[in-house]
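First the structure, in the form of structure tokens, and then the observations on it.
There are 2 protein chains.
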Amino acid sequence: MEKDFEKNGINENYGCLFGVGVGPGDPELLTLAAVHAIENADIIAFPGKTKEDSTAYSIPAKVIPGYTEKPAVPIELPMTKNQDELRTIHEKAAAQLEKYLRDEKDVAFLTLGDPSFYSTYAYIDEKVRADGFETEIIPGITSFSAIAAKLQVPIVLGSETVKIQTGLDRNLDTDTENLIILKAGRNAGKIRDQLKTAGFKAAMVCNAGMKDEKIYATIDDIPEMEGYFSLMLAKKQRVEG
Amino acid sequence: MEKDFEKNGINENYGCLFGVGVGPGDPELLTLAAVHAIENADIIAFPGKTKEDSTAYSIPAKVIPGYTEKPAVPIELPMTKNQDELRTIHEKAAAQLEKYLRDEKDVAFLTLGDPSFYSTYAYIDEKVRADGFETEIIPGITSFSAIAAKLQVPIVLGSETVKIQTGLDRNLDTDTENLIILKAGRNAGKIRDQLKTAGFKAAMVCNAGMKDEKIYATIDDIPEMEGYFSLMLAKKQRVEG
Chain G
117 MEKDFEKNGI
127 NENYGCLFGV
137 GVGPGDPELL
147 TLAAVHAIEN
157 ADIIAFPGKT
167 KEDSTAYSIP
177 AKVIPGYTEK
187 PAVPIELPMT
197 KNQDELRTIH
207 EKAAAQLEKY
217 LRDEKDVAFL
227 TLGDPSFYST
237 YAYIDEKVRA
247 DGFETEIIPG
257 ITSFSAIAAK
267 LQVPIVLGSE
277 TVKIQTGLDR
287 NLDTDTENLI
297 ILKAGRNAGK
307 IRDQLKTAGF
317 KAAMVCNAGM
327 KDEKIYATID
337 DIPEMEGYFS
347 LMLAKKQRVE
357 G
Chain L
117 MEKDFEKNGI
127 NENYGCLFGV
137 GVGPGDPELL
147 TLAAVHAIEN
157 ADIIAFPGKT
167 KEDSTAYSIP
177 AKVIPGYTEK
187 PAVPIELPMT
197 KNQDELRTIH
207 EKAAAQLEKY
217 LRDEKDVAFL
227 TLGDPSFYST
237 YAYIDEKVRA
247 DGFETEIIPG
257 ITSFSAIAAK
267 LQVPIVLGSE
277 TVKIQTGLDR
287 NLDTDTENLI
297 ILKAGRNAGK
307 IRDQLKTAGF
317 KAAMVCNAGM
327 KDEKIYATID
337 DIPEMEGYFS
347 LMLAKKQRVE
357 G
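First to last, the sequence lines map onto chains G and L. In this text, residue positions in the first sequence follow this note's numbering: the first is 117, and each later residue adds one. In this text, residue positions in the second sequence follow this note's numbering: the first is 117, and each later residue adds one.
Shown next, in the form of structure tokens:
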């Protein structure tokens, strides 16, 4: 792949690692930059154990001819809260990718949504750069932008604020007009009740853009519990005057 | 344009209004969905007075053959804080667009970034839908995702939160690990000082993706004042242990 090496002097004979945001599921939400990075890459890397179980890997297949014939490498990224284990996982992933970079291969690492929001890729990118390789991040459409577009509910307007958090560990900060809560499924009922008390309306979407997508359109529809990929959009009720 | 009318029974003989997020400036950050909506539209609508002064209008030109030959309609959206004036502006914009929809034309209204974040399009979409027309929103890459990718700084990780606000009217809420401040230029110095006091590091980018882009890479580089399209990314300093 042609690269502009003038921008970056380090290890210019090595390949470049592209962290490619592939959006939340619909291949139409790939950017042109993502399509071009995937087309030009020598190697596709994706989080997961096999092509078949990787959502990120599946997304470009419909829109990039010849995609499934490209060499593709699964990168296992098991979830854990143990910081030492996490570091070992990220170092192992970086080492796997650097083998190809040293071999002068450009690698496109596919990541769901946008690599800048709650993505494991950020740690891998940091490690690979620290090891002296060139990396580039290609932004993607986030799940919350896609869901807001689908529901035709703007996320934030005028002089409002929006706070984005996960629903796993934190208390809600309701000092904002708008809230986006990712991974809201496990504590859905608890979050729903907190939001109601604080005067918010809300909707929840599970497995957005997938075949088994579910939409809970009002706060009262939200159940006690849902799957991991559940996202809530909440808005403080306006007092009509 | 072929449309799936089974989804939506209202006024199916009329055209559809597509609110198309065109990203922050680089045409490579258009999504495939945006490209297809623009290609298939009968009319391009864009915010501004003329094609020449509209950034949103300029973005697709390099990547969509024949784009500049399509009929294109400027929609004037002057800024004001007067709510009555704003309503009149949005109603006038909606009426302009509805003329084409009644004429069975599909219209692609181009909007910088993502229509769900701080976009005037949200008001127009709501009005046009309330008037009984079909609309569809196509999400776009936000300026903050593009800037974070370029700076290779993740916006939010792990169990952190991120708060997004404008820098015009509000005090900073520093009860978050990460802050994104749009339109930070006018109060840049004041925001910088508040962030420093609260223990944040920060960077500011002005006119991201444009020819006159400027990057202030550290908090101490940020000047007292900058242009309207200035965005700050701020992160709470971690106490290293």
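C-beta atoms are modelled at their ideal positions from N, C-alpha and C, and glycine is treated no differently.
Not flagged as an interface residue toward chain L: residue 176(G), since no C-beta distance is shorter than 8 Å. Here residue 184(L) is exposed: its Cβ has fewer than 16 other Cβ atoms, across all protein chains shown, within 10 Å. Among the residues facing chain G, residue 148(L) is included, as its CB has a counterpart in that chain under 8 Å away. Looking at 326(L), 214(L) and 143(L), the one whose alpha-carbon comes closest to that of residue 129(L) is 214(L). Short of 8 Å from the beta carbon of residue 264(L), and not among the five residues preceding or following it, lie these beta carbons of its own chain, in chain order: 270, 271 and 349. Taking 8 Å as the threshold, the shortest C-beta distance from residue 336(G) to chain L does not fall below it. For residue 171(L), no chain G residue has a C-beta closer than 9 Å to its own C-beta; the minimum C-beta separation is roughly 18 Å.
Beta-carbon to beta-carbon, residue 136(L) and residue 254(L) are separated by about 5 Å, close enough to satisfy the 8 Å threshold. CA-to-CA, the gap between residue 133(L) and residue 223(L) works out to about 5 Å. With the criterion set as a beta carbon lying under 8 Å from some beta carbon of chain L, the members of the stretch 280–314 of chain G are 280, 281, 282, 284, 285, 286, 289, 291 and 292, in sequence order.
An exposed status is given to residue 211(L), since fewer than 16 other beta-carbon atoms sit within 10 Å of its beta-carbon.
Per DSSP, residue 268(G) lies in no alpha helix (DSSP H) and is assigned neither H nor E.
Along the length of the stretch 123–166 of chain L, whole beta strand (DSSP E) runs at least 3 residues long occupy 132–137 and 159–163, reported in chain order.
Annotation: Cβ neighbours of residue 273(G) in chain L (cutoff 7 Å, chain order): 234 and 238. Taking a Cβ-Cβ threshold of 9 Å, the residues of chain G close to residue 230(L) are 257, 258, 261, 264, 265 and 271, in chain order. Among the residues facing chain L, residue 241(G) is included, as its CB has a counterpart in that chain under 8 Å away.
Scanning its chain for C-beta atoms nearer than 8 Å, with the 5 sequence neighbours on each side dropped, one finds around residue 176(G) the residues 138, 143, 146, 150, 151, 154, 183 and 226, in chain order. The contact set of residue 253(L) on chain G, defined by CB atoms closer than 7 Å, consists of 265 and 268 in chain order. Proximity to residue 232(G) across 250(G), 257(G) and 218(G) peaks at 257(G), based on C-alpha coordinates.
Using a CB distance cut-off of 8 Å, residue 128(G) does not count as an interface residue toward chain L.
Of the other Cβ atoms in all chains shown, fewer than 16 fall within 10 Å of the Cβ of residue 181(G); this residue is therefore exposed. By the rule that beta-carbons nearer than 8 Å mark a contact, residue 145(G) touches chain L. Within chain G, not a single residue places a beta-carbon under 8 Å from that of residue 136(L); the smallest gap is close to 10 Å. When Cβ pairs closer than 8 Å are counted between the two stretches, the stretch 309–323 of chain G is seen not to touch the stretch 311–319 of chain L, the count staying below three. Residue 281(L) has 297(L) as its beta-bridge partners, per DSSP.
Between the stretch 275–292 of chain L and the stretch 276–286 of chain G, the count of C-beta pairs closer than 8 Å reaches three or more; the two stretches touch.
For residue 332(G), the enclosing beta strand (DSSP E) begins and ends at 330–332. Residue 239(G) sits buried, since 16 or more C-beta atoms from the chains shown fall within 10 Å of its C-beta.
Around the beta carbon of residue 335(G), a 10 Å sphere encloses 16 or more other beta carbons of the protein chains shown; the residue is thus reported as buried. CA-CA distance, residue 286(L) to residue 195(G), rounds to 38 Å. Neighbours of residue 277(L) in chain G, taken as residues whose beta carbon is under 8 Å from its own, are 279, 280, 281, 286 and 289 in chain order. Nearest Cα to residue 325(G) within the set 352(G), 291(G) and 266(G): 266(G). Residue 321(G) places its beta carbon 8 Å or farther from that of residue 298(G).
Between the C-alpha atoms of residue 237(L) and residue 140(G) there is a straight-line separation of about 23 Å. Between the stretch 289–305 of chain L and the stretch 158–169 of chain G there are fewer than three inter-stretch CB-CB distances shorter than 8 Å, so the stretches are not counted as touching.
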